Structures are given as structure tokens and as C-alpha cells.
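Heads up, the thing below is written out as C-alpha cells.
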Amino acid sequence: MAEALTLTPAAAKRIALIAEKQGKPAILRLSVEGGGCSGFQYKFDLAQAAEDDDMVSDTAGVRLVVDPVSLDLVSGSTVDFVESLGGAAFRVENPQAAAGCGCGSSFGI
1 MAEALTLTPA AAKRIALIAE KQGKPAILRL SVEGGGCSGF QYKFDLAQAA
51 EDDDMVSDTA GVRLVVDPVS LDLVSGSTVD FVESLGGAAF RVENPQAAAG
101 CGCGSSFGI
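Pasting the structure below:
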């Protein structure tokens with residue numbers, strides 16, 4: 001069985017703010033696509049609802065949903081929202097990633 005994903009309180013707060021501004025439910029979909037400089041890249045979208053086969057994680061009323069195929073690649077990860085001088089972004093701390101890139105949005109297994 002896949003390990004659960006974690007959504008940090010900072011990420012949950014930011015998702016709730018974005019969802020409220022867009023008039024959408026506070027549901028963040030994390031998926032993995034082929035591409036990027038390391039082989040795979042993360043994709044974030046606001047979702048209207050979770051699918052029946054999604055893994056769902058809840059933090060402070062905000063849901064993180066991941067499809068079964070993507071879950072195999074991000075199992076055990078933590079999704080955070082970080083702000084720095086370089087900007088603000090969602091970051092995935094993926095224990096399965098054997099390689100990454102400077103942009104932080106692509107990884108290899």
C-alpha cells in the first residue's frame with residue numbers, strides 16, 4: 001500500500017486563499033507527467049471534486065488529491081508552500097526522487 005501524502009499547514013492556507021479567490025472548492029490535485037529536465041514533472045491544479053480512485057489527504061479542511069498512477073511516483077511526499085526572495089511556490093519533498101533539478105518542479109526516480 002502507498003504511503004500517505006502530507007499537505008503542510010502553509011500549503012493548506014495558500015490553497016484555501018487561491019480557491020476562495022477563484023470561487024472553487026479547496027481541493028488541490030497533484031499529478032505527475034512525463035517531461036521536465038529530470039524525466040518527470042509535478043502538475044498542480046484546483047479540482048472540483050476528488051475522483052473515486054484518488055488518494056485524499058486533508059489538512060485544515062483543504063484536500064490534496066492524487067490519482068493512482070501519480071501516487072506511485074509521489075507516495076510518502078510532503079507538499080509545502082514556500083516564500084523566499086526568489087518567489088513563492090508549491091514544493092514537493094519526494095523521498096522517492098533520486099534526481100532533481102534547480103527549478104524544483106521536475107524529478108527522476
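For the sequence shown, counting from 1, position 24 maps to 24 in UniProt numbering; every step adds exactly one. Yeah, the Cβ is synthetic: ideal placement off N, Cα and C, and Gly gets one too. All figures in this text were calculated on a predicted structure; none of them were measured in a lab.
Tell whether a beta-carbon distance below 8 Å holds between residue i and residue j.
| i | j | result |
| --- | --- | --- |
| Ile27 | Leu5 | no |
| Lys43 | Glu51 | no |
| Asp53 | Pro68 | yes |
| Pro9 | Ala89 | no |
Give the straight-line distance between the Cα atoms of residue i and residue j, rounded to the nearest whole angstrom.
| i | j | result |
| --- | --- | --- |
| Arg91 | Asp58 | 17 Å |
| Pro95 | Gln48 | 28 Å |
| Ile18 | Val74 | 23 Å |
| Ile15 | Leu71 | 20 Å |
| Leu30 | Ser84 | 22 Å |
| Leu7 | Thr78 | 6 Å |
| Gln41 | Gly23 | 27 Å |
| Gly86 | Lys13 | 20 Å |
| Val66 | Lys21 | 23 Å |
Can you tell me whether DSSP reads residue i as helix, strand or coil?
| i | result |
| --- | --- |
| Gln48 | coil |
| Lys43 | strand |
| Leu17 | helix |
I want to check one thing, is the minimum distance from the CB of residue i to the heavy atoms of the ligand MN below 7 Å?
| i | result |
| --- | --- |
| Phe81 | No copy of the ligand MN occurs in the structure displayed, which carries no ligand at all. |
Inset, instruction - Can you check the region 74–100 for any beta strand (DSSP E) of at least 3 residues that lies completely inside it and give the ranges in chain order? - result: Secondary structure remark: continuous beta strand (DSSP E) runs of at least 3 residues inside the region 74–100, in chain order: 78–84 and 87–93.
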